[in-house]
Amino acid sequence: MQTEVRQARFADVNDDVVRSLVVTGRNYYIALGIAGFVTLTCFFFPWFYQLYYGIGAAGMNSPTVWGTYLASFIFWIGLSHSGTLLSCVLHLTNSEWRKAMYRSAEAMTFFSLFVAITMVMVHIGRPWFIHWAAPYPNQMGLWPNFRSPLMFDVMAIMTYLTGSGIFIYMGAIPDFAAVRDRTTGWRHHLYVLLSLGWRGTDKEWHRLGWAYTFLAVLIIPLAVSVHSIVSWDFALSIVPGLHQTIFAPYFVVGAIYSGTAGIVTVMFVLRKYMNFEHYITKLHFDNLGKLLLLLSLLWTYINMLELFTGWFSGTSTEYEQLKYKLTGFYAPLYWEMILFCAVAPLLLISRKFRTSFVPMLILSIAINIGMYTERFLIVATTLSRQYLPGSWRVYVPSLVEISILVGSLALFVTLFLLFVKIFPSISIYEIKETMGVPKKHGEHHDT
Amino acid sequence: MSNVDRRQFLKLVGAGGVGAGAGFMLAESIKHPVEYLIPYPIPPEEFSPGIATWYNSVCGMCPAGCGISVRTREGRAKKIEGNPLHPVNQGRLCALGQAGLQTLYNPDRLTGPMLQSGERGSEEFIQTTWEESLATVAHRLAAARDGGKNIYLLSEGVRGHLAMLLERFMDGLGSEHLMHYDFAHPHALYAANQRLFGEHTLPYYDIRNTRYLLSFGADYLSNWLSPVHHSLGFGHSRQGTDLDRGRFVQIEAKMSLSGAAADEWIPARPGSEGILALGLAHQILAGGAYTGSDFDDWNAALAGYSAESVAERTGVAAKTIVRLASEFMKAEPGLAIGGGAVDNHSNAVDTLVAVNLLNYLVGNIGKPGGIVFNSDPVVGGPANNRQANFIAMQQLAEQARHGAIDVLIVNNTNPVFTLPHASGFREALASIPMIVSLSSFMDETTTMADVVLPSHSYLESWGDDMPQPGLGFPVAAISQPVVSPLYNTRATGDIILDLAGKLGMKDSMPWDSMEACLKDGWRQIYERSSPDASDFDTFWRDVLVSGVWGEDIHRQDTVVVDKSVIDNIDVAEPEFSGDSEQYPFFLHPYMSTAMYDGRGANLPWMQELPDPMTSIVYGSWVEMNPATAQQLGLRDGDLVSISSEYGSLEAPVVIFPAIMPEVIAMPIGQGHSAFGRYARDRGTNPLQILAPLTATTSGSLATHATRVSLAATGRRAAPVQTGGDTRQLGRNIVQFTGDDSSAGGHSANLNSIPIVVKTT
Amino acid sequence: MNFIDRFMASWRKYRKPGYYEEFDYAWTMTVDLDRCTGCGACVTACQAENNIPIVGEKELGRGREMQWIRIERYWEGEYPNAKLSFIPMLCQQCDAAPCETVCPVSATYHNQDGLNAQIYNRCIGTRSCAVYCPYEVRYFNYYDHHWDAPLEQQLNPDVTVREKGVMEKCTFCVQRIRQAKDHAKDDGRRRVKDGEVQPACVQTCPSEALTFGDRKDANSVVAKKMNDPRAYHVLEETNTLPSVVYLKKVRANAD
Amino acid sequence: MSVSIVHTLRVLRPAAMIALVALTGLVVGFYVNATFFPGTSPEQPINFSHRIHAGENQIPCMYCHVQARRSISAGVPSVNKCMGCHAEVATDSPQIRLLASYFETKEPIPWIKVHDLPDFVHFTHKRHVQADIECQTCHGPVETMDVVSREAPVKMGLCLDCHRKNEVEHGTDCWTCHK
């Protein structure tokens, strides 16, 4: 088992990847069908219902005007965080092990962002006017409010979407060319368009390499800023429990944390169902496991800080907030979050755990459930316990909200399933770089 | 383009066509819908589209008789505000008055005369015409009159010219059975005033100028007599002068809105308030505040009311009794009022005499800040002498059961809802051959009617009003239509006049319409008031503009209390229905701010107005002390069944910090079985399970004399509340400051109440 | 002046305390808690004036009340010494309003009357203003509300009926303020006189607990009330500089 | 392979053309509707001609629209007002007979609104008329129209342009029109 990664032959790489694009089993269609159906029934149908009747279809109420939609938005933005960010960091640090996974990780970023943006559309009251949040000249001389953290958010997310879109696309150009050369029919035409006439000259490779590194440098601060800015949607308010200086790093760490866990999940699935056992190995899980452990400790640390400052403040607002979080209506969720995100990840100390696939999958899913809970709690606990006790009210998500949450997952899966049939989901040329040049036909490297 | 083949060409044409069609439809879909500009064919005088017109009138939502100004635009009423010229409310208005607009535009209004086509109570009616329905009624009335049969007219408490019309109408029919029925009418207060002061009327309680108000159960800020006027007085007494801040003390078993506003809320055992008042009187005598010649008689009569014995009987600490008495005595002036629960115990009259006695002993009768008596109303006789008490209503039911009533005319009152089941009133109605109802709504009583003659809302009809209680000086106000009638309805006065015409009573009622009747009647006022106006028409127009007329005349009275009162001053222990073992709790039904006696229940604004004390909307509930709830193992929102000897009902528990442990309270107003979509089948009506006990001497229903038992049903039905947590948690939201005022001299002046004499 | 200075200057224009001093009016409401009886007349008056929908029992049960002014109630103590205080809570028209900074489309902003404006037809419904508001006086239209015919005839033609997905709140009855200004212009006056305009709640308050006016006018009733030692702002610590001034409730020293 | 993109585009050309034609059709259809069926000059219950009244006979606008100077709405004259002149003038014309029939039955004339603002716009004629703004500024040259049509796009841009140009005091405050 140890030698799996070297079992693939240099020439097999192209075949494996192209096969993953061209040869489509029945299972894929079943999976796509289910995901598509769930997206339709659980996401689009309730959303249209909500558009028709109003946000009232969701469970939000007067003090808790934000609910699961916004929690989902932060969650998906968070999930988007590891992909491109991790890929960039690892690219810049020349981590070999990155190469088998970064394409799918980046795709995760892109689609998470996409789903996050749809969550904004679902969240706001009149999505048909969402373009008013974009600055464009008009006869009325009306501009969006540039002082608004939400406006920063729009800018940051659009930039991040563009940046990570270009990044993933650029990295895939040589692969599109490779696939182009091995396919026929409509696929061929598609890849002709996608590969932009890539021929693999030295000049092209040089430019690609330079641009790729340049973008990687650019995206790292961008990614950090995006989630900082998302945190400001909350932290720039004066709501007790939200108005916290630590929120920006807290959100960034949380985002990378959930994103990394998300990568583990996706890689497990790819490895298992796309037959990439050769390329995605224990090494990757081991390394990601270490990263997860680090992030979990960081996350726990910040959480403890938050509790401490809440207690130390001694003000009624902060203190009640703290008490409510630990013992109030949402307390079971809080303790679930602590269990999943702070306690369970301690298992990662064991190398044996890190290198076992199924436990890692379970843990990664648990972490993301925990992280979703965290986002939900940030919204729900704080908003239902604000300054005036006379308007305190508990918020419980409605069926429509839960359905849309499930549907948004399905939407993500659908997009991802479509992606793996269009994008080579592991990087052909970079995986080859890790394999070394074959000595002669039929021979491959041993460990 | 040479290589475009036929197939390709067709595709292109098709695509172009579909695209063009879609574009066309898109443009069509974003067009404005057609809007119309419809001018009046002949515009009414002084009408301008886009400019609001204000009409002054009189509020018809409760008997207080506030003046209102109604804003209309394009011929539709848009907003009701208080009439600033009216001395009762001085431009202010309560929530119920604001919601009057929704009686006008209520979707469940009756739109035309109807005849019962099914069984009584089935609400099956067929539409008919006014001619037919009035002819039917007139024919029936004529037959009854000529046949010597009994005709009863049961009306809401009306005043002014409508009251006069009703009297003349019944006289013309040869019937003495004209009864006014208002659930909230303070019979006991009238009886007590009669006994102590010899006046069967309500005096003016000058809360505005009092420095110390001792309220025995009277929820004067919410629905007792004239709440808006009392609120004005309350605000003024508190912070409106340079004098000492007025202090307010409320004595009641369950904290009411006025209890919350008071500086001190003192729970006293239900029905023992009169004993407490006599205890205070005893202390006042001891304190030497009373110097009348009959001091010794009083002292002897009150000898049994020492602080200790009163403390034992009322549950109020002896120390508190001594303090209250001394504060009341020293206040310049202090005022004691009684109402609400106190008005509704079996010993109510005794209690209210005792409360009035406090005012008498400290000598603030006929003084600013005390009790001021009213002169007779300027038009018609003394008001409210027709009010039917519970005994009268029971007699009516009894007569009906014996078949002694041939025709019953009900005018806009709803006894089926407000009388307890035990009175058998609803069942008795079945024995009356003919019931005619004049009402704007299909209320419970109207469902029993054979002929429904829908009346105008008060915003569509002419009328006048002399506020009761008066303000110590004569006031009269005009109610005029502010909109043209929405439906095929008629004003009560016009219906009566029409019937009178058909019955040949033109002699006593020569007018064609209510408007003519009013104009005629107000000629008297014009003549007595010698206004600036040169002729009556100018005066009339001025009155219509201002909506109110007043005169600066105060009665100067000295009250002498005779010996018989002194001898009978004792307050008996209250009687209760049900024994204390089986029925351990006192039921305390109270009129809520929004619903009044139930008439607010069909107004969506009132249904959505959170109850101030509990923030509950839509529905009924039962309030209990936290200790009681704990003892019974009940939580907020648990559904309990409440049983008296006369029935039971279910309501959710609301834990209420300011109620005596042995008392449970329920708001009145919900639990309608008819009365439109907003009221029907919502909540429960605690009046239905009351025992038919009456207050001795006043004969009114003792609504607080029923004992009940509680049983958990095991179900939950939390009422809808708009408020969240009720504790401030040290957040300084409502901030307080100490009362640093000390006693000091002052002079109050009754004339500080604005009096409208000149109108424009 | 370099770029940074210019930037900071324009930033301070919004953030510096007192930028609103240059405005024409500073409409202010004072609420005397010692007079307030909690009767709720203001609530209904506001509903009537401002076309506030009837949301129904079900929606109220889900916490979606739509009353621009509400009466909050706070209990203290236990039986028999339980005390209840009421406080009317409405949009405080803050001069440093948190809601104004957060709206991405500037649907809420500070206008020249020192009022916190809410423009319904610009609102896209992010609801962030409601989150940022510490007084929780912003209400969201979860549905298109309807009036059972003919109740719609009571609607005030001077006030827009809001559609679903839009935030709304107390405007200090801006339609009345504008009308008063209109009348002032008709009379050839530059300014509105004290007492000439009253929001519906102030107009109707039976105990005269509410007063309204321009605090820039030193002789106005509100300016005088603000000098009362009892005057305070609710949640002063949030530094929102509200235009609603509360007067402390007097607690008599009972023993 | 270097020309592969061009080749691919050629392969895709038929589909692209269909899309292009459909799009062109969409735009054309939209403008045909907007230009030829603008819905801004609806057929009125009576063929009232502003050209004859305001143009040829020089009747001032505010002779009939009396409210404009003092109310938010300009006001449409009542049938009573029309009959004030037409009891005498042109009584034989079929349109006037139609008018007279409305007068006799006391029926209001259901005029169709041409200049209709959305409900969230609170425009007042009073202030604009008193500021001596020509009616034609917003309503177009009504005195030349037999059938009134909406000439000027009465949209927010038009209002704001004018308010900015004339430096209306707080004229760009949203609450000036939206409340």
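Residue numbers (my numbering), protein chains in the order written: chain S, 45 to 491; chain P, 223 to 982; chain W, 2 to 256; chain G, 38 to 216.
Cβ atoms here follow ideal geometry from the backbone N, Cα and C, with glycine treated the same way.
* To do: Kindly indicate which residue of W:A27, W:E197 and W:M9 has the alpha-carbon position closest to the one of L242 of chain W.
  => It is W:A27 whose Cα lies nearest to the Cα of L242 of chain W.
* Whole-number beta carbon distance between L323 of chain P and A299 of chain P, since they are thought to touch under 8 Å -> Contact holds; Cβ gap of about 6 Å.
* Are three or more beta carbon pairs between the segment 254–273 of chain P and the segment 658–666 of chain P nearer than 8 Å? -> Under the Cβ criterion (8 Å, minimum of three pairs), the segment 254–273 of chain P does not count as touching the segment 658–666 of chain P.
* **Under 9 Å between C-beta atoms of P908 of chain P and P889 of chain P** => Yes, these two residues count as a Cβ contact at 9 Å.
* Asked: Looking at C-beta atoms only, is the number of pairs between the segment 132–147 of chain S and the segment 313–333 of chain S that lie closer than 8 Å three or more?
  -> The segment 132–147 of chain S makes contact with the segment 313–333 of chain S; the number of CB pairs closer than 8 Å reaches 3 or more.
* Rounded C-alpha distance that separates G229 of chain S from Y213 of chain S -> Each residue's alpha carbon lies about 22 Å from the other.
* Asked: Is K225 of chain W near D33 of chain W, with beta carbons less than 9 Å apart?
  -> Note that the C-beta distance between K225 of chain W and D33 of chain W is not below 9 Å.
* To do: Return the residue from the list W:T239, W:A232 and W:A253 that minimises the CA-CA distance to V245 of chain W.
  => Of W:T239, W:A232 and W:A253, the residue nearest in Cα terms is W:A232.
* Inspect the beta-carbon positions of I559 of chain P and I654 of chain P and report whether they are closer than 9 Å. => Cβ atoms of I559 of chain P and I654 of chain P: not closer than 9 Å.
* Name the chain G residues that come within less than 9 Å of F231 of chain P, Cβ to Cβ? -> Those within 9 Å of F231 of chain P in chain G number zero; the least Cβ separation is about 10 Å.
* To do: Can you grab the Cα-Cα spacing for the pair P689 of chain P / V292 of chain P, in whole Å?
  => Using only the alpha carbons, I get a separation of about 19 Å.
* Asked: Which of the residues in the segment 172–196 of chain S, read from start to end, lie with their CB under 9 Å from any CB of chain G?
  -> Those residues of the segment 172–196 of chain S that come within reach of chain G (Cβ to Cβ, closer than 9 Å) are N182, Q183, M184, G185 and L186.
* Tell me whether the beta-carbon of T108 of chain S lies closer than 9 Å to the beta-carbon of Y431 of chain S. => Taking 9 Å as the Cβ cut-off, T108 of chain S and Y431 of chain S do not qualify as a contacting pair.
* Of all Cβ atoms in chain S, is any one closer than 9 Å to the Cβ of H191 of chain G? -> As written in the sequence, residue 191 of chain G is Val, which differs from the His given in the question. For V191 of chain G, no Cβ of chain S is located within less than 9 Å of the residue's own Cβ.
* Asked: For L479 of chain P versus C134 of chain W, is the C-beta spacing smaller than 9 Å?
  -> In this structure, C134 of chain W does not lie closer than 9 Å to L479 of chain P by Cβ.
* To do: Using a threshold of 9 Å, state whether the C-beta atoms of W69 of chain W and K170 of chain W are closer than that.
  => Going by C-beta atoms, W69 of chain W is nearer than 9 Å to K170 of chain W.
* To do: Could you tell me which of W:N142, W:Q119, W:T31 and W:S129 sits nearest to E60 of chain W, measuring between CA atoms?
  => Checked all of W:N142, W:Q119, W:T31 and W:S129; the closest Cα to E60 of chain W is W:N142.
* Of the residues P:G526, P:S866 and P:I290, which one's Cα is nearest the Cα of D801 of chain P? -> It is P:S866 whose Cα lies nearest to the Cα of D801 of chain P.
* Applying a beta-carbon distance threshold of less than 7 Å, which residues of chain G neighbour L259 of chain P? -> Chain-ordered, the chain G residues with CB closer than 7 Å to the CB of L259 of chain P read V113, W148 and K150.
* **W110 of chain S - DSSP class collapsed to helix/strand/coil** => The answer is coil: DSSP assigns W110 of chain S none of H, G, I, E or B.
* To do: Excluding the 5 residues preceding and the 5 following T275 of chain P in the sequence, name in chain order all residues of the same chain whose CB lies nearer than 8 Å to its CB.
  => The answer, listed in chain order, is E268, F269, R293, T294 and R295.
* CB-CB length for I838 of chain P against P941 of chain P, believed under 8 Å -> Contact holds; Cβ gap of about 5 Å.
* To do: Would you mind telling me which residues of chain P sit closer than 7 Å to S108 of chain G, beta carbon to beta carbon, in chain order?
  => Those are S270, P271, G272 and I273, listed as they occur along chain P.
* Report, in whole angstroms, the separation of the C-beta atoms of G198 of chain S and A177 of chain S, which I expect to be a contact under 8 Å. => As written in the sequence, residue 198 of chain S is Val, which differs from the Gly given in the question. About 5 Å separates the two Cβ atoms, so the contact holds.
* Grouping DSSP H, G and I as helix and E and B as strand, with all else coil, what is W446 of chain P? -> The answer is coil: DSSP assigns W446 of chain P none of H, G, I, E or B.
* **Test: D903 of chain P CB closer than 9 Å to a CB of chain W** => So no, D903 of chain P is outside the interface.
* What residues are listed by DSSP as bridge partners for I791 of chain P? -> DSSP lists no partner for I791 of chain P.
* **Run of the beta strand (DSSP E) containing E495 of chain P, from where it starts to where it stops** => From DSSP, E495 of chain P is part of no beta strand (DSSP E) but of the alpha helix (DSSP H) over E495 to G509.
* To do: Would you mind stating whether Q461 of chain P and L248 of chain W have Cβ atoms separated by less than 9 Å?
  => Yes, the Cβ-Cβ distance between Q461 of chain P and L248 of chain W is below 9 Å.
* How big is the Cα-Cα spacing for M731 of chain P and I718 of chain P? -> C-alpha separation (whole angstroms): 10 Å.
* Own chain residues within Cβ distance below 6 Å of F639 of chain P, not counting five before or after -> If we look at F639 of chain P and ignore the five residues flanking it on each side, its Cβ neighbours are E666 and G820.
* Tell me, please, whether the segment 544–564 of chain P touches the segment 376–388 of chain P by the rule of three or more beta-carbon pairs shorter than 8 Å. => These segments do not touch.
* Rounded to the nearest angstrom, how far is the Cβ of H135 of chain S from that of I300 of chain S, given a contact under 8 Å? -> Not quite, the Cβ-Cβ distance comes to about 16 Å (not below 8 Å), so this is no contact.
* To do: Let me know the alpha helix (DSSP H) ranges lying completely inside the segment 818–857 of chain P, each 4 residues or longer, listed in chain order.
  => Runs found: 826–829 and 848–854.
* Any chain W beta carbon closer than 9 Å to L300 of chain P -> The displayed chain sequence assigns Lys, not Leu, to residue 300 of chain P. Interface residue, yes.
* Check distances from the C-beta atoms of the segment 339–358 of chain S to those of chain W and list, in chain order, the residues that come in under 9 Å. => Listed in sequence order: no entries.
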